[in-house]
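> Questions regarding the structure given below will be posed in turn.
Residue numbers (the numbering used here), protein chains in the order written: chain A, 1 to 394; chain B, 395 to 595.
Written out as structure tokens, the structure is:
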């Protein structure tokens, strides 16, 4: 997904309804963790944030799952002078669609990530060096299993909901499959049950840009070093897949940089869209690790529920959660049809499932959109049946 | 408006009588989900509704229902034969581009199909058209021509003819007078304001 500053949703950090200051914490499991591949880590760390309070019955938790380039910081600010709040700040906060006055919101950086959770940048205790590409291969299922351990550590008895967009939607679906009795609602947006050839193709171009950069050096590079050119190009390309023809045209059109010579036929930056993408690439290399990018895109490529369980209906057979799937008309990375197929398979499997489709022209990242319609839908889904579970506490 | 709400409930009650407890029900054109919620609550139905509008889907989701935003025929094509015990098409047939296609597909995926519609052959509509020479307007069809969307009004005679022509079995009928409450004793195409049919293949 694109950076929060690119969404048309950024406001000042402390608007009414915002959480305000939040701080990340680390959960470290000292038990050996076996990955889907069979590889084992002696333990792992997840960096996470929580907002709101866990209730007495410990069942009001909402797990937020981030996308490829996202992290645990999904709402609030880390410092009052922060330029931008967490990436889903428009959705999460006191009185917002995911209401932190009612829900205990948890969001963790995924296993394999690079923002505090164990990943290829972590130090291998055996060598004293970063794991690099000797880190175990990560799958969506591994992300889910590690986050379940975090929730147990936090004392969560069951999830009111698990919510995510894009890769976060895959994580949310996988969570409902893996822990059916633990998960009461699943809300997946702009996602797929099966990474398509087109999506794998884009991931592969990104990986090639990284791996063909000599500074990648087979994944062995010092902290702060590495394939900066390759990672920036991977990000520039991926960024295009998160938006749309219409939204780029509205934002940039054919406007030229003021510094660009009108008639100059050269290869310097001329169009604003070029300048913007270069900025995106540069900003990304300062916050993301190239090996993590390889690992997480591979996790996306491997995601295919129908293949993993025999059929999509078989995959969803154990699900007990009520589900809501949301597609966005202009999403061409995980198009509406792929979202519809999830809801249809859930219904064929006899599950409670809804599908809604929001008309937007912002492309894949529409799920981050500031939209009263989307907020109303999310709120309706999270707060329904509340009348049957009246809280008598004061 | 309260008159309309009252009429809505009558419709619900008749359909409710025809739905077996615990049925798997599909509501085509579910709107905000009022009928489906009624069937879930009173008949323990496992229901899903289909509608085209995001706001109506949101309302149905808020009611705790399974609701699917999209085209009803494309939706039904995704399900195996006789997947649903009952399909309901209440006050929707007059809005369909391809009523034959929808009804035949519903009879494939559903064991039974309930169709309810306002009878345009109702005598008041005939008098209205004859004397005023204007588009029918009444409690149900409240809008002027220029405020209305194209619709495909249907009469009881039209519908009976359709079922006969397509070899569709009518297993139950309910014809109600203009109050949508009292059973219509005779000449339903003239005297019934509302008609409900239960169909099977």
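From the three backbone atoms N, C-alpha and C, an ideal C-beta is built for every residue, glycine too.
Thinking C-beta only, is residue 80/A closer than 9 Å to residue 21/A?
Translated into the one-based positions of the first chain, residue 21/A becomes position 21. Translated into the one-based positions of the first chain, residue 80/A becomes position 80. In contact: residue 21/A and residue 80/A (Cβ atoms closer than 9 Å).
> Against chain B, which members of the segment 339–362 of chain A pass a CB distance test of less than 7 Å?
Listed by position along the chain: 340, 343, 344, 347, 348, 352, 353, 354, 355, 356, 357, 358.
> To the nearest angstrom, report how far apart residue 584/B and residue 487/B are at their CA atoms.
Your numbering for residue 584/B matches position 190 in the second chain. Your numbering for residue 487/B matches position 93 in the second chain. Each residue's alpha carbon lies about 20 Å from the other.
> Can you look up residue 159/A in the DSSP assignment and give me helix, strand or coil?
Residue 159/A sits at position 159 when you count from the first residue of the first chain. Here residue 159/A sits in strand by DSSP.
> Residues of chain C with CB closer than 7 Å to the CB of residue 458/B, please, in chain order.
No chain C is present in this structure, whose protein chains are A and B.
> Which of helix, strand or coil does DSSP assign to residue 111/A?
Position 111 of the first chain holds residue 111/A. Three-state DSSP puts residue 111/A in coil, outside helix and strand.
> How far does the beta strand (DSSP E) with residue 421/B in it extend, from its first residue to its last?
Translated into positions along the second chain, residue 421/B becomes position 27. Where residue 421/B is concerned, the enclosing beta strand (DSSP E) stretches over 418–422.
> Nearest to residue 32/A by alpha carbon, out of 142/A, 244/A, 237/A?
Indexing the first chain from 1 puts residue 32/A at position 32. Ranking the options by Cα distance to residue 32/A, first place goes to 142/A.
> Does residue 559/B have its Cβ less than 9 Å from a Cβ in chain A?
Here residue 559/B is taken as the residue at index 165 of the second chain, counted from 1. No - not a single Cβ of chain A is within 9 Å of the one on residue 559/B.
> Mind checking residue 123/A: buried by the 16 CB within 10 Å criterion, or exposed?
The count along the first chain starts at 1 and reaches residue 123/A at position 123. Counting Cβ neighbours within 10 Å, residue 123/A comes out exposed, since fewer than 16 surround it.
> Which residue wins for smallest C-alpha separation from residue 55/A, given the options 18/A, 87/A, 160/A, 138/A?
In the first chain, counting from the first residue as 1, residue 55/A sits at position 55. Residue 55/A has its Cα closest to that of 160/A, out of 18/A, 87/A, 160/A, 138/A.
> Which chain B residues are close to residue 376/A, counting only those with a beta carbon under 7 Å from its beta carbon?
By 1-based counting over the first chain, the position of residue 376/A is 376. By Cβ distance, chain B contributes 452.
> Taking only the alpha-carbon atoms, compute the straight-line gap between residue 485/B and residue 178/A and give it to the nearest angstrom.
As a first step, residue 485/B must be located in the second chain, where it is residue number 91. As a first step, residue 178/A must be located in the first chain, where it is residue number 178. If you take the alpha carbons of residue 485/B and residue 178/A, they lie about 42 Å apart.
> Since residue 429/B and residue 438/B should fall inside the 8 Å C-beta cutoff, what is the C-beta to C-beta distance between them, to a whole number of angstroms?
Position 35 of the second chain, counting from 1, holds the residue named residue 429/B. Position 44 of the second chain, counting from 1, holds the residue named residue 438/B. Not a contact, Cβ separation roughly 15 Å.
> If you drop the 5 nearest sequence neighbours on each side, which residues of the same chain put their C-beta closer than 8 Å to that of residue 225/A?
Position 225 of the first chain holds residue 225/A. These residues qualify, in order along the chain: 215.
> Looking at the ligand ADP, does it come within less than 8 Å of residue 464/B, judged from the CB to the closest heavy atom?
The ligand ADP is absent from the structure shown, which contains no ligands of any kind.
> Who are the near neighbours of residue 498/B in its chain, counting only those whose CB is closer than 8 Å to its CB and skipping five residues on each side?
Numbered from its first residue, the second chain carries residue 498/B at position 104. Same-chain partners within the cutoff: 560.
> Using DSSP with H/G/I as helix, E/B as strand and the rest coil, what is residue 13/A?
Stepping through the first chain from its first residue, residue 13/A is reached at position 13. Below a pLDDT of 50, predicted positions are generally treated as unreliable, and residue 13/A, at 47, falls in that range; no measurement from the model is reported.
> What's the call for residue 205/A, buried or exposed, on a 16-neighbour Cβ count within 10 Å?
To locate residue 205/A, count along the first chain from 1; it is residue 205. With fewer than 16 Cβ atoms within 10 Å of its Cβ, residue 205/A is classed as exposed.
> My understanding is that residue 377/A touches residue 460/B, with C-beta atoms under 8 Å, so please give their C-beta distance in whole angstroms.
Stepping through the first chain from its first residue, residue 377/A is reached at position 377. Stepping through the second chain from its first residue, residue 460/B is reached at position 66. The Cβ separation is near 14 Å, so there is no contact.
> Where residue 258/A and residue 269/A are concerned, what is the direct C-alpha to C-alpha distance, given to the nearest angstrom?
Translated into the one-based positions of the first chain, residue 258/A becomes position 258. Translated into the one-based positions of the first chain, residue 269/A becomes position 269. About 10 Å.
> Short of 7 Å Cβ to Cβ, which residues in the segment 561–589 of chain B face chain A?
Listed by position, the residues of the segment 561–589 of chain B near chain A (Cβ gap below 7 Å) amount to none.
> Just verifying my parser: in three-state terms, what is the DSSP assignment at residue 37/A?
For the purposes of this step, residue 37/A is taken as residue 37 along the first chain, with counting starting at 1. In this structure, residue 37/A counts as coil in the three-state DSSP scheme.
> Please confirm if residue 488/B has its CB atom under 9 Å from at least one CB of chain A.
Along the second chain, read from residue 1 onward, the residue named residue 488/B stands at position 94. No, its Cβ sits nowhere closer than 9 Å to a Cβ of chain A.
> Comparing the C-beta of residue 380/A with each C-beta of chain B, is any distance below 9 Å?
Indexing the first chain from 1 puts residue 380/A at position 380. Interface residue, yes.
> Whole angstroms is fine: what's the gap from residue 139/A's alpha carbon to residue 235/A's?
On the first chain, position 139 is the one that residue 139/A refers to. On the first chain, position 235 is the one that residue 235/A refers to. When rounded, the distance between both Cα atoms is 21 Å.
> Suppose contacts are defined by Cβ-Cβ distances below 9 Å. Is residue 406/A in contact with residue 156/A by that definition?
Lying outside 1 to 394, the shown extent of chain A, residue 406/A is not represented and no answer is given.
> From residue 398/A to residue 62/A, what distance separates their C-alpha atoms?
Nothing about residue 398/A can be read from this structure; chain A reaches only from 1 to 394.
> Closer than 7 Å, Cβ to any Cβ of chain A: which residues of the segment 471–484 of chain B, in chain order?
Result list: 472, 473.
> Beta-carbon of residue 324/A versus every beta-carbon of chain B: anything under 9 Å?
Position 324 of the first chain, counting from 1, holds the residue named residue 324/A. It does: the Cβ of residue 324/A has a partner Cβ on chain B nearer than 9 Å.
> Quick check: the segment 110–130 of chain A against the segment 301–320 of chain A, are at least 3 beta-carbon pairs closer than 8 Å?
The segment 301–320 of chain A is not in contact with the segment 110–130 of chain A.
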